[in-house]
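**Student:**
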Amino acid sequence: MASEKVKVAIVGSGNIGTDLMFKIRKSNSLELTWMVGVVPDSDGLRRARELGYQTTHKGIDDLKDHLDDFEIVFDATTAHAHYRHAELLKQWGKIAIDLTPAAVGPYVVPVVNLDQYLDLQNVNLVTCGGQATVPMVHAVSRVTPVKYAEIVSTVASRSAGPGTRQNIDEFTETTARGLAEVGGAERGKAIIVLNPADPPIIMRNTVYVSLEKGADREAIKGSIEEMVSEVQRYVPGYHLKSAPIFDEDRVTILLEVEGAGDYLPKFSGNLDIMTSAAVRVAEGFAGHLKKRKTTGRERHQESVA
Amino acid sequence: MSAKKIWITDTTLRDGDHAMSHQYTVDQVRKIAQVLDEAGVPVIEVAHGDGLGGSSLQYGFSLEKEDKYLRAAAEVITHGRMAFLLVPGIGTRKELEEAAKIGAKVARVATHCTEADISEQHIKMAKDLGLDVHTFLMMSHMTPPEALAGQAKLMESYGADCIYVVDSAGAQLVDQARERVRALRKALDPKTEVGFHAHNNLGLAVGNSVAAIEEGATRIDGSTCGLGAGAGNTQTEAMVAVLSRMGIETGIDLFKIMDVANDIVYPVMRQQHVPRIDRSSLTIGYAGVYSTFLLFANRAAEKFGVEARDILVELGRRKMVGGQEDMIIDVAVELANKAKNKPASARAEARA
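Residue numbers (my numbering), protein chains in the order written: chain A, 4 to 308; chain B, 2 to 353.
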């Protein structure tokens, strides 16, 4: 049965890469073959070895002699590294799912626009705040025009790594662009707050969407609720803290994102929604690849797998 | 302490912007900046209360565009220097660069007291642009003095010229302020200055500022009429009078700054909100909550039919930090629901 799955590799054996590994293990359509790191004694590489995956601590270049081992690569390194990885993967004819801020490819939020990009070779996951909030903005903008959307993501200090901390402007700027480009708002703004409380807080997002006079509140509410259940299919801990709050000129959506606790702790909903979305995106590509390969063969094989 | 000099930064046009609900007109900003400058205030801070880029649904939209306020103030500040506030996570280097271009000479970069490492790129850029950098460790009552000094060391390593102990909640008792300033003074290079920024929620703003000076702080924040978040800041004119009585030089003309407060600022603030120690602001100091939450909590209390004091106490219990204004709605909704469900749950309990 495993042979029916699409083979994938992870580059980057930090928190995100390791959590990805655990999520891919649960996937029905992806099979992990390689975990690539640069730190030989990292926890991620050690766990990958224990679970029987092939590993290297010499970076992505070590994969060049194993090109039959994977079709899709998750890049959980840094923006700087991804620029180079993106070139290599393109030469190798592999699909890159970019979890860094590099954004070589277009922003993808699985519930909103994945289908548009399945023939591309590189897509980017925006930011954790973007994965959490863009679906909500889209839920509103698909029923009524949205001039402005603003989000506030609050994450536990312990789940904001050095990458986020040293490049916090990248978070706000990229997320804001995501709200517009993918969410469908004319203009977006993003704010991030780190909270060091102990025990750590679960990731919180507040989404403010400006509304025109006479916007259909029932339709907006319905669209939001529908979208929440769509996101819940890959992030079960994604939920509204209360019913959407309507004011004259805006709707306020209070969201909480609890992680699955695969490798990262449950409060790290910010990291969990990134890895969950990435796996969802890879599954989308996997389905598309298989569809292309099975053309001419019997379609029902797929469902048997 | 003889012949000592203390530098006051006046924040009427930044922290005061909270109390003004961001409704300053450009003319008011120009006028206030001009008279503060004429009174001899060495550093005049101008920005949205939540710093550059703070104009938002979360914190309140400013009446006018940010650059208009900055330009108006820059035109009239000739003796002193214009400062701005930037809170990483809200504002970005783009706005920082713009403010420097308009003529700001001092960058004030603020993080929560345990998160100094998110300010590195902003501090470095400000230094590269030739600005003086004063940094804020906000809500500093929430972390012990030694840990606070460790965070200050980080900011110093990025290039900060002065690091402020910021009592954003106006919650510090005199000894708490003292210990924090002392810890920073001890840990930092002698060339790095230490500052103190107070809120008067417990009535201790001037007193704590004096204690900070006794421990080696050389920069103190104030605002005329105390116009600022919560019960307001250290009152600039009162601080100048106290320092003058202590024989400490500020370079500010006492009578002129009194006149600025009474004749220019008071009539402006009276149209919006006059900060004072009342039930809500006192609760903020007592519960250790971000002073800026005051007006938001009052509004949410009215909207959802709950007590502002209950909201504030709950926010303190949950250890909310600066910038989490959205949690005020969250808590208010929860309290309102709890109140609604109370009869039902009481009945359930009785049955059990």
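Where is the CB? At the ideal position from N, CA and C, for every residue including glycine.
#1: Should A:Arg180 be flagged as near chain B, meaning a C-beta pair shorter than 9 Å?
#2: Looking only at its own chain, which residues have a Cβ that is under 6 Å from the Cβ of A:Tyr241, when we skip the five neighbours before and after it?
#3: Around the C-beta of B:Lys66, are 16 or more other C-beta atoms found within 10 angstroms, so that it is buried, or is it exposed?
#4: For the stretch 113 to 128 of chain B against the stretch 191 to 211 of chain A, do three or more pairs of beta-carbon atoms, one drawn from each stretch, fall closer than 8 Å, so that the two count as touching?
#5: Could you work out which residues of chain B lie near A:Ile171, taking near to mean beta carbons separated by less than 7 Å?
#6: Terminal residues of the continuous alpha helix (DSSP H) containing A:Gln57?
#7: Measuring only between beta-carbons, confirm whether B:Gly323 sits less than 9 Å from chain A.
#8: Please return the same chain residues whose Cβ sits closer than 7 Å to the Cβ of A:Gly186, not counting the five positions on each side in sequence.
#9: Could you pull out every residue in the same chain whose Cβ sits closer than 8 Å to the Cβ of B:Val175, ignoring the five residues on either side in sequence?
#10: Under a three-way DSSP split, which group does A:Pro110 fall into?
#11: So, helix, strand or coil for B:Ser3, using DSSP?
#12: Rank B:Val42, B:Ile7, B:Lys32, B:Gly17 by C-alpha distance to the C-alpha of B:Asp254 and give the top, closest one.
#13: Should B:Asp11 go down as buried or exposed, given a rule of 16 or more other Cβ atoms within 10 Å for buried?
#14: Can you check DSSP and say which residues form a bridge with A:Val260?
#15: If we count Cβ pairs, one from each stretch, closer than 8 Å, do we get three or more for the stretch 89 to 101 of chain A versus the stretch 119 to 126 of chain A?
#16: In this structure, does DSSP put B:Cys226 in helix, strand or coil?
#17: Do B:Asp260 and B:Ala74 have their beta-carbon atoms positioned less than 9 Å apart in this structure?
#18: Quick one: which chain A residues come within Cβ less than 8 Å of B:Ile330?
#19: Nearest-angstrom Cα distance between B:Arg179 and B:Gly17?
#20: Does B:Val334 have its Cβ less than 9 Å from a Cβ in chain A?
#21: Bridge partners of B:Tyr291, per DSSP?
#22: Once DSSP output is grouped into helix, strand and coil, what is the label at B:Gln236?
#23: The alpha helix (DSSP H) that contains A:Ile98, what's its start and end?
#24: Report the three-state DSSP secondary structure of B:Ala206 (helix, strand or coil).
#25: Taking a contact to mean a Cβ-Cβ separation below 9 Å, would you say A:Trp37 touches A:Thr21 in this structure?
#26: Kindly indicate if chain A contains any beta-carbon less than 9 Å away from that of B:Arg319.
#27: Taking B:Gly139 as part of the beta strand (DSSP E), name the residues at either end of that continuous run.
#28: Assess, as a yes-or-no matter, whether the stretch 212 to 227 of chain A is touched by the stretch 247 to 260 of chain A under the definition of 3 or more beta carbon pairs within less than 8 Å.
#29: Can you name, in chain order, every residue of its own chain whose Cβ lies under 8 Å from the Cβ of A:Gly287, other than the five neighbours on each side?
#30: Pick from A:Leu33, A:Lys26, A:Thr130: whose alpha carbon is nearest that of A:Glu74?
#31: Can you look up A:Val282 in the DSSP assignment and give me helix, strand or coil?
#32: Got a sec, what are the start and stop residues for the beta strand (DSSP E) B:Asp11 sits in?
#33: Determine, for B:Thr293, whether the minimum Cβ-Cβ distance to residues of chain A falls below 9 Å.
#34: Helix, strand or coil for A:Asp22? Go by DSSP, reduced to three states.
#35: Taking the continuous alpha helix (DSSP H) assigned at B:Met247, which residues delimit it?
#36: Where does B:Leu86 sit, in a helix, a strand or coil, going by DSSP?
**Tutor:** Reading it off the structure:
#1: no
#2: Val234, Gln235, Val260
#3: exposed
#4: yes
#5: Pro89, Gly90, Ile119
#6: First-last for A:Gln57: 57 to 59, but that is the beta strand (DSSP E), not the alpha helix (DSSP H).
#7: yes
#8: Val137, Val140, His141, Ser144, Ala152
#9: Leu205, Gly208, Asn209, Ala212
#10: Residue identity check: residue 110 of chain A is Tyr in the sequence provided, not Pro. A:Tyr110 falls in the strand class under three-state DSSP.
#11: With a pLDDT of 47 at B:Ser3, under the threshold of 50, the predicted position of this residue should be treated as unreliable, though the coordinate-derived value follows. Of the three classes helix, strand and coil, the one that applies to B:Ser3 here is coil, per DSSP.
#12: B:Val42
#13: buried
#14: A:Met206, A:Tyr241
#15: yes
#16: helix
#17: no
#18: Thr209, Ile248, Thr255, Leu257
#19: 25 Å
#20: yes
#21: B:Tyr291 pairs with nothing; no bridge assigned.
#22: strand
#23: Here A:Ile98 belongs to no alpha helix (DSSP H); instead the beta strand (DSSP E) covers 98 to 101.
#24: helix
#25: no
#26: yes
#27: The amino acid occupying residue 139 of chain B in the given sequence is Met; Gly does not appear at that position. That run of the beta strand (DSSP E) goes 133 to 139.
#28: yes
#29: Pro113, Leu117, Asp118, Leu121
#30: A:Leu33
#31: helix
#32: 8 to 14
#33: no
#34: helix
#35: It is not in any alpha helix (DSSP H) - B:Met247 carries neither H nor E in the DSSP assignment.
#36: strand
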